[in-house]
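Residue numbers (this note's numbering), protein chains in the order written: chain A, 1 to 233; chain B, 1 to 233.
Virtual Cβ for every residue (Gly too), placed ideally from N, Cα, C.
There are 2 protein chains.
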Amino acid sequence: MTTPDPMHCAASAPPAPTLHPMPFVRIELVALSVIDDRLHVLLSHRKEAPYKGRWGLPGGVLRIDLDASLEAAAHRVAAERLNRALPNLGQVAAVGGAKRDPRAPWALSVVYRSLVQPTLDATPGKRVQALAWRPVDEVAARSDLAFDHTTLVAQAVEAVRREIRELRLPAGWAPDAFTLGELQGLCEAVLGERLDKVTFRRRIDHTGVAVAIAGKMRAGGAHRPAQLYTLAA
Amino acid sequence: MTTPDPMHCAASAPPAPTLHPMPFVRIELVALSVIDDRLHVLLSHRKEAPYKGRWGLPGGVLRIDLDASLEAAAHRVAAERLNRALPNLGQVAAVGGAKRDPRAPWALSVVYRSLVQPTLDATPGKRVQALAWRPVDEVAARSDLAFDHTTLVAQAVEAVRREIRELRLPAGWAPDAFTLGELQGLCEAVLGERLDKVTFRRRIDHTGVAVAIAGKMRAGGAHRPAQLYTLAA
DNA sequence: TCAAAAGTGTTTGGGTTACACCCATGG
DNA sequence: CCATGGGTGTAACCCAAACACTTTTGA
């Protein structure tokens, strides 16, 4: 915007010599969740070409008539495709190139990620045939997703792991009340590695990201009841 | 790309009912450099409205006919506007919204950053009237840049500081040979804070990011000559 | 009584900080 | 001689890792 470049790119506007064609812009969503102690990603089944029959990330076209910003667009796409809201949407990156999508001469995707509660589920929305959770390590190993979505998932997972490793726990990710053991299990599932119990507990109360709920305990299995915690801030 | 959405957005293609208008897509560059022991950002003077007479980031329109990818576009824009190549281009973020640029109904910018050598300079290129280096803290304090460029600079600076704090020194940033004192001065200028000498030296040879050039010393001022180092990897 | 998970204490070691001190050089 | 920056050594401190141990429950 620092130079007098030609402006508009509305497909409805008549082409003018000074107007440059603009890329096809989409939003892709990487919803991550811990299921059965493993990190999973939410995938959408493709019923049409290209990549018919393959799985890919749920996403949608940027609608400049509906979306006030990129983040607003991500929220709208989540509501339309998954019939649910995604909390803590964070931008991963923008990717763009001429060969990314055979349907368009040039495709640009802005990728958003979200860590969601293990319990909540999504249902197929507009233009979506089926949704399924798949383990991220399986996705990485087989890399059989549509388009470049395998690398997009990898980038999102990397970002989320950095977040969890630094104990920046997204609000609303953990349930309202949980034991430190449960929280540690969730973090271990996200990171894909074991954590030291003592260190984990010390870091929790040193940073204050979670605080004990006075008096509340969880008595469950054949073991000592555990203090319940809740996310602070 | 997981849904059968309408595709193309070429301004030269006739509009069809199913086609959505696409946003105006630009690349913005945040070139950072240490000058006189302070971190500076390269700004471009705006000779035309909007924001006529103000300073902003150098940038340019994404050209899907010329650019194979977003990163390629950033390199082309650097060459065109600054008459030089920018090393270590890294993506900061994508920002987009309806109110970002009064010239377009919806504007999307992908922001790239680069830490460049203190000595090298840029010259105004195509459609650029004047270029100037300004201290980043002054830019942050006055926030008088065009558009939302003040926040874009802040994001880029934050990313670069995280990089330097973790001693991930961009190749080509430091001169071919330097003393540890000089390197520490550069890092301090980027971070805007003083570093401990002992810690800095220990971290350098522990990580191995810089290695001594055997036998090479710099004899300069009224003090003991210093061992010369060069960036590894 | 035993298994299982909760919770606490101690030691060790890596890495940063802070401070002191010597080294080599030009003025 | 002395100011200046280069370079080394030491002690304190923080934090994480590893390990041992006690506690409390259900089976």
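*State yes or no: is the C-beta of Leu169(A) within less than 8 angstroms of the C-beta of Val111(A)?*
no
*Straight-line gap, Val25(A) to Met22(B) (C-alpha atoms, nearest Å)*: 7 angstroms
*Which value, in whole angstroms, describes the spacing of the CA atoms of Ala219(B) and Leu228(B)?*
10 angstroms
*What are the residues that DSSP puts in a beta bridge with Leu186(A)?*
Beta-bridge pairing links Leu186(A) to no other residue.
*Along the chain, where does the alpha helix (DSSP H) that runs through Phe200(A) open and close?*
Lys197 to Thr207
*For the stretch 91-104 of chain A, which residues have a CB atom closer than 9 angstroms to at least one CB atom of chain B, in sequence order?*
Gln91, Ala93, Ala94, Val95, Gly96, Gly97, Ala98, Lys99, Arg100, Asp101, Arg103 and Ala104
_CB contact below 8 angstroms: Ser143(B) versus chain A_ = no
*What residue range is occupied by the uninterrupted alpha helix (DSSP H) comprising Leu70(B)?*
Leu70 to Leu82
_Using the three-state DSSP reduction, which class does Val139(A) fall into: helix, strand or coil?_
helix
*By the 10 Å Cβ neighbour count, where 16 or more other Cβ atoms means buried, how is Val61(B) classified, buried or exposed?*
buried
*Report the rounded CA-to-CA distance for His45(A) versus Asp36(B), giving the unit in angstroms.*
56 angstroms
*Compute the Euclidean distance between the alpha carbons of Arg103(B) and Leu43(B), then round it to the nearest angstrom.*
20 angstroms
*Candidates Gln91(B), Leu89(B), Trp106(B) and Arg127(B): which alpha carbon is nearest Gly97(B)'s?*
Trp106(B)
*Inspect the CB distances between the stretch 53-68 of chain B and the stretch 116-134 of chain B and report whether three or more fall short of 8 angstroms.*
yes
*is_contact[Trp133(B), chain A] using C-beta, thresh 8 angstroms*: no
*Below 8 angstroms between beta carbons: does that hold for Tyr51(A) and Ala140(A)?*
no
*Quick one: which residues of the stretch 18-47 of chain B get their C-beta closer than 7 angstroms to a C-beta of chain A? List them in chain order.*
Leu19, His20, Pro21, Met22, Pro23, Phe24, Val25, Arg26, Ser44 and Arg46
_Does Thr18(B) come out as helix, strand or coil in the three-state DSSP assignment?_
Unreliable positioning characterises Thr18(B) in this predicted model, as indicated by a pLDDT of 45, which lies under 50. A coordinate reading is not provided.
*Run the CB neighbour count on His206(B), radius 10 Å, all protein chains shown included, and call it buried at 16 or more, exposed below.*
exposed
_Buried or exposed (CB count within 10 angstroms, at least 16 for buried), Lys216(A)_ = exposed
_Counting only Cβ pairs nearer than 9 angstroms, list the residues of chain B close to Ala212(A)._
In chain order: nothing, as chain B lies at least about 32 angstroms away.
*asked:* Please identify, using Cβ separations under 9 angstroms, the residues of the stretch 167-195 of chain B that lie next to chain A, in order along the chain.
replied: none
*Compute the distance between the beta-carbons of Leu82(A) and Ala49(A), then report whether it is under 8 angstroms.*
no
*Verify the CB distance criterion: does Val110(B) have a CB-CB separation below 8 angstroms to chain A?*
yes
*Quick check: the stretch 153-169 of chain B against the stretch 183-191 of chain B, are there 3 or more CB pairs under 8 angstroms?*
yes
_Between the CA atoms of Phe178(B) and Val209(B) - distance to the nearest angstrom_ = 13 angstroms
*asked:* Let me see if you follow: with CB-CB separation under 8 angstroms, is Arg63(A) close to chain B or not?
replied: yes
*Of the listed residues Leu32(A), Arg134(A) and Glu80(A), nearest to Gly90(A) (C-alpha basis)*: Leu32(A)
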